[in-house]
Structure formats: structure tokens, C-alpha cells
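If you're matching them up, the sequences are chains E and W in order. FYI, the numbering for the first sequence is 1020 to 1131, going by my numbering. FYI, the numbering for the second sequence is 62 to 174, going by my numbering. Single-structure report; data block below.
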Amino acid sequence: TQLLEQSPQFLSIQEGENLTVYCNSSSVFSSLQWYRQEPGEGPVLLVTVVTGGEVKKLKRLTFQFGDARKDSSLHITAAQPGDTGLYLCAGEARVWTDKLIFGTGTRLQVFP
Amino acid sequence: EAQVTQNPRYLITVTGKKLTVTCSQNMNHEYMSWYRQDPGLGLRQIYYSMNVEVTDKGDVPEGYKVSRKEKRNFPLILESPSPNQTSLYFCASSLEGRSGSYTFGSGTRLTVV
Chain E
1020 TQLLEQSPQF LSIQEGENLT VYCNSSSVFS SLQWYRQEPG EGPVLLVTVV
1070 TGGEVKKLKR LTFQFGDARK DSSLHITAAQ PGDTGLYLCA GEARVWTDKL
1120 IFGTGTRLQV FP
Chain W
62 EAQVTQNPRY LITVTGKKLT VTCSQNMNHE YMSWYRQDPG LGLRQIYYSM
112 NVEVTDKGDV PEGYKVSRKE KRNFPLILES PSPNQTSLYF CASSLEGRSG
162 SYTFGSGTRL TVV
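Structure (C-alpha cells):
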């Protein structure tokens, strides 16, 4: 059973377009992390959201944690080729497990 | 620069030939972990270590060994590699423990023929 489902799995868009990636679960998480993994490299932490309803912005990237802390979204405005990569969400549960649960991933390709 | 260093980056080996993938971190993190990443299966935890001399199995430990004799190093050992261990491996460390935010290494792509 995959506890964190991401959608879409794959996304190919043109430079300048906007996009949203979703991370959904039926379980509650204490916090949600987002990572970006570029080809040939390890995942790099982008942001951690902790409070239900929290919104964090990182330049053109906007992260939101759902009110019930079961889901999160990542919105990219005016995507650039440098945004290309695998986006992973990861949930910290605390109550029912002590390990970080990784999502299934969204592979984004931005064409010039 | 704070980082996790893995070596080698690429490795091709034959079935049954013992190998070690090294991992070192310079952030004084107590928690370290090994993952493998396979298409369609995502990141799966192999082993983790909460501190020196403390290691535990993750979700897919079969065929792997680890050791944690010093805080900075956490090598992954494949005593008798098999083709199903062909994968992309990542070492990671965390200041906050098993559910904290991770710093990952750049990965080791292993092919077992």
C-alpha cells in the first residue's frame, strides 16, 4: 500500500507554462517535505510545511499543506527548463511510524 | 560545504563479487540511511543507523549489510551481489533523526551482471 500518492506521474510542458503537482494520502502527517531530484543527482530538500493550511513560497514555487494535513501541492509558475526533474513529497507521521514516507514521485520535463 | 559523499558514482560488477559502497557526511549528523531507487518503486529504505554502533533494517534489507563504527561513515556492503540488486543507491543523513529532513548523496549506480 502506497501511503503517499503523487499526481501526475509524468508531466511534459513548454517553458512559461504553469503546473501543479499533488501529493495525497488518507493518513495524517505531522509535516510534509518536498524534494527535487535532478538527473544524475540525489534528492535535494526544497521546503518543509508543518501547519495545516500553511503556504510557503520559494521564488516561482508555491507549496501548500492541506488543512487536514493529509495532502500537499506544489505549484510552479512560468516553468523553466531548469525546473526539470523528479519531484518527491515525503511525510513525517510521528504518531503511527517513526520513518519518513516518500511519495511515488512526479517526473517533470520542461522544454525550451 | 555540508555534504554527503558517496563512492563510487558508477559500478559494474559480476554476480557474487563482494563490494562496498562508501558514504561519508561532514555535518555531524547522528542519523544515516541507505536507500535504493528503482523505476516504479520509488525510494525504498535498506538500512538505517540512529547513531554509532546502532543499525537497523529498513524495508528491503535482504542481501545487504552495513556498519557504523564512526559517526561520519556508513558503508553499504553487498557480500554476494545478484542482478536484482542492480539499482541506484543513495546514502542520506539527517540531523533530526529518522523522520527529519534528509541530505542525500549524489548516488551510486550499480549494475550486477
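We treat Cβ as the ideally placed atom computed from N, Cα and C, and that holds for glycine. As the structure is a computational prediction, the values presented were derived from the model and not from experiment.
- Look at residue 72 of chain W: its C-beta is not under 9 angstroms from any C-beta on chain E.
- Membership of residue 1075 of chain E in the beta strand (DSSP E) is indicated by the continuous run 1074 to 1077.
- Taking a contact as a CB-CB distance under 8 angstroms, the pair residue 1084 of chain E and residue 1070 of chain E counts as one, their CB atoms being some 7 angstroms apart.
- Taking 8 angstroms as the cut-off between beta carbons, the residues of the region 156 to 168 of chain W near chain E are 158, 159, 160, 161, 162, 163, 164, 165, 166, 167 and 168, in sequence order.
- In this structure, DSSP gives residue 120 of chain W a state outside helix and strand, which the three-state scheme calls coil.
- DSSP, reduced to helix, strand and coil, places residue 1090 of chain E within a strand of the structure shown.
- Taken through DSSP and simplified to helix, strand or coil, residue 1071 of chain E comes out as coil.
- Taking a C-beta distance under 9 angstroms as the contact criterion, residue 160 of chain W and residue 1118 of chain E qualify as a contact pair.
- Remark: three or more beta-carbon pairs, one from each stretch, lie closer than 8 angstroms, so the region 118 to 133 of chain W and the region 81 to 100 of chain W are flagged as touching.
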